[in-house]
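Working notes for the structure below.
Numbering (the numbering used here), first residue to last: 89 to 238.
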């Protein structure tokens, strides 16, 4: 059964703060093969004008995707997550994520579409720091594949 397109525009409450640490940034950079010293070396980051190490651009996915769990697990939406694949990802940064940030994410369903029996869900995650300043917006596209014919 297709997802209800009336869910477009639904916004979920902000997540609990996520504390970004140097170690989390280092582990993420290592996992994705990033070697820029600004991700692991405080002196290198400060030489570039940052207050501390910064995270690779795709680091925001780790927190916005977790926040999208509110959407995925919404029983009213009825998404069958066992059929979901990640379709696309985009980011628009105001500033880099940096060690010491305490970030919250507010997720909004931007669109719900059906194409060829597949449901396509566009989720926007607005990331703010502890002071309420906007850090980054992330867009995630999820595709719930159509059930296979028996």
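Cβ coordinates follow ideal geometry from the N, Cα and C atoms, glycine included.
For clarity, every value in this text was computed on a predicted model and none was experimentally measured.
Only counting the same chain, and skipping five residues up and downstream in sequence, which positions put a Cβ closer than 7 Å to that of residue 155? 103, 193, 195, 213
Would you call residue 159 buried or exposed, if buried means 16 or more other Cβ atoms sit within 10 Å of its Cβ? buried
Report the residue from 178, 148, 93 whose alpha carbon sits nearest the alpha carbon of residue 116. 148
Run of the beta strand (DSSP E) containing residue 226, from where it starts to where it stops: 222-232
Count the other CB atoms within 10 Å of the CB of residue 61; is the residue buried (16 or more) or exposed (fewer)? Given a span of 89 to 238 for the chain in the structure shown, any question on residue 61 remains unanswerable.
Return the bridge partner residues of residue 127 from the DSSP annotation. Looking at the DSSP assignment, residue 127 forms no beta bridge with any residue, so it has no partner.
Leaving out five residues before and five after residue 142 in sequence, what residues of the same chain have Cβ atoms less than 7 Å from its Cβ? 126, 127, 133, 184, 185, 186
Among the residues of its own chain, which have a CB less than 7 Å from the CB of residue 109, if the five just before and after it don't count? 187
Alpha carbon of residue 227 to alpha carbon of residue 178, nearest angstrom: 5 Å
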